[in-house]
Amino acid sequence: MGENTGSPILGVLLACVAGSIFLAALGMWLHRSKRLTSRRSSMVWAILTILPLFGAGFAMMTTHVVEQATGETQSGVNAPPPTR
């Protein structure tokens, strides 16, 4: 792990995963307290729970496509060439 290995998109990814975990825990609490009882409301809550994960994937893909379009990253190249 050298310099400039941090990626700002990882912060967005972690925030979306944390949001999804929070929504799942909240849904379990709502189900146990008998506030989320019907199948339809449970299905809507399940979709709402995984929605941040799709947002994270969209953000990552958008960033990747923009970096490819600007020439920052190239297909088939995993690391920058070594510098002396």
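Throughout the sequence shown, residue numbering follows the working numbering, covering 1 to 84 in sequence. The C-beta atom is built at its ideal place from N, Cα and C for all residues, glycine as well.
(1) What is the DSSP secondary structure of A24, reduced to helix, strand or coil?
(2) Does DSSP put R84 in a helix, a strand or coil?
(3) What do you get for P52, buried or exposed, if any count of 16 or more other CB atoms within 10 angstroms of its CB means buried?
(4) Between which residues of its own chain and H31 is the CB-CB distance below 6 Å, once the five residues before and five after are set aside?
(5) Cα separation between Q74 and I50?
(6) How would you label A18, buried or exposed, when you count the other beta carbons within 10 angstroms and need 16 or more for buried?
(7) By Cβ distance below 8 Å, which residues in the same chain neighbour Q68 in space, the five residues on each side in sequence not counted?
(8) Check whether the segment 27 to 45 touches the segment 58 to 67, counting contact only when three or more Cβ pairs, one atom from each stretch, lie closer than 8 Å.
(9) According to DSSP, is A79 helix, strand or coil?
On the basis of the coordinates in this document:
(1) Residue state, collapsed to three classes: helix.
(2) For R84, the three-state secondary structure derived from DSSP is coil.
(3) By the neighbour-count rule (16 or more Cβ atoms within 10 Å), P52 is buried.
(4) Same-chain partners within the cutoff: there are none.
(5) Cα to Cα, Q74 sits roughly 31 Å from I50.
(6) By the neighbour-count rule (16 or more Cβ atoms within 10 Å), A18 is not buried but exposed.
(7) Here the set comprises Q74 and S75.
(8) A contact between stretches requires three or more CB pairs, one per stretch, nearer than 8 Å, and the segment 27 to 45 fails this requirement with the segment 58 to 67.
(9) Judged by DSSP in its simplified three-state form, A79 adopts coil rather than helix or strand.
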